[in-house]
Amino acid sequence: MHFFDGHWGGMHFVWWIIWLILLIWIFFVPYDIPYRKSKKEDPLAILKKRFANGEITKEEFEETKRILKSE
Numbered sequence: 002m003h004f005f006d007g008h009w010g011g012m013h014f015v016w017w018i019i020w021l022i023l024l025i026w027i028f029f030v031p032y033d034i035p036y037r038k039s040k041k042e043d044p045l046a047i048l049k050k051r052f053a054n055g056e057i058t059k060e061e062f063e064e065t066k067r068i069l070k071s072e
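Per the numbering used here, the sequence shown runs over residues 2 to 72.
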């Protein structure tokens, strides 16, 4: 029933692979989680949001948009 001195075939090796995959996932996958706000927003997108929320006037929007596009 038991092979290889108490281990069930290659099951011991399989558990090491599972742990390795789990550790790799923990440290590398979370950086690509969708809906996470780790990426910087485009300045023009921020400007559009501020205009849509009524924080700035149309004149301020147009002037700032012109400045951003010239850079």
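Idealized CB from N, CA, C, for every residue including glycine.
Check	Outcome
Boundaries of the alpha helix (DSSP H) in which Thr65 is found, first to last residue	Lys59 to Ser71
Where Lys50 sits in the DSSP three-state scheme	helix
Candidates Trp17, Trp20 and Pro44, of which the one nearest Ser71 by Cα	Pro44
Assigned exposure category for Leu23 - 16 Cβ within 10 Å defines buried	exposed
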